Amino acid sequence: MSSDKKSSTVKLFCPSLSKLVQWVIKKEDENLDLGLIANTFGLEPSTLKINNHFISRGIDFVSSSVTWKSLLSFFASRGLATGSNEHDVIVIDGRVWKPGTKRVCQPLSESFSGGREKIKFNSLAVKRKPLVEDINPLKKKKISETSSGKLNFHMTKTAENK
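Read in order, the letters of the sequence shown correspond to residues 3 to 164 in the working numbering.
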């Protein structure tokens, strides 16, 4: 039997939740599914660390370049835990996924810019709350400079509305 068909078990432990899980590795050459590991412990997949190491991952939280075999040999070469028994568990850490929190973008969120204008973002357009200057859109401001160096503002009607 070749090593890629051999199934093995490692022990994963999350200290923040005090949870120990026996993880079955069906094939040592399969890529790490960090999303599945995170969901098993109730952690956010984007914050997952294994033995205090971040593992590169794709958009679907499956590592494209790290296999279980390469990860366990990396840990063994550095003297880190490989999950072979209860005293040698692989530590899984990350931010706890709070129940009821949404992970997708809100369809309508608000931000404030300098306290003057309120901007609403949605998937179609950006809408701005009208300011005092926008109350009469038929008039344009003309700026002229006086001889004393002060600026004067004159309101004039636009050409199309005369």
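For every residue, glycine included, the Cβ atom is placed at its ideal position computed from N, Cα and C. Source: prediction; values computed, not measured.
Separation of residue j from residue i, as counted between CA atoms
i   : j   : result
V68 : F56 : 11 Å
W25 : S10 : 8 Å
W99 : D62 : 17 Å
F43 : N33 : 19 Å
K13 : K21 : 10 Å
G81 : S75 : 10 Å
W70 : L19 : 23 Å
K28 : I52 : 19 Å
S66 : D35 : 9 Å
P47 : V91 : 20 Å
K8  : V64 : 21 Å
N2  : V23 : One cannot answer for residue 2 here, as it falls past the ends of the chain, which runs 3 to 164.
N54 : A83 : 11 Å
Residues bridged to residue i [DSSP beta-bridge criterion]
i   : result
S10 : I27
I94 : I52
L22 : F15
N33 : T69
Limits of the beta strand (DSSP E) - the one that residue i falls within
i   : result
T42 : Element bounds for T42: not the beta strand (DSSP E) but the alpha helix (DSSP H), L36 to F43.
S65 : V64 to T69
Classification of residue i by the beta-carbon crowding that lies within 10 angstroms, buried from 16 upward
i    : result
G85  : buried
A40  : buried
E30  : buried
E59  : The sequence given here places Arg at residue 59; Glu does not occur at that position. Classification of R59: buried, given that the 10 Å Cβ count is 16 or more.
C16  : buried
L2   : Shown here, the chain extends from 3 to 164; a query on residue 2 therefore has no answer.
G96  : buried
L73  : buried
A78  : exposed
L45  : buried
L166 : The question about residue 166 has no answer here: the residues shown for the chain are numbered 3 through 164.
As assigned by DSSP and simplified to three states, the class of residue i
i   : result
L74 : helix
S79 : helix
Proximity test, Cβ basis, 8 Å: residue i and chain C
i   : result
V98 : Of the protein chains in this structure there is only one, and it is not chain C.
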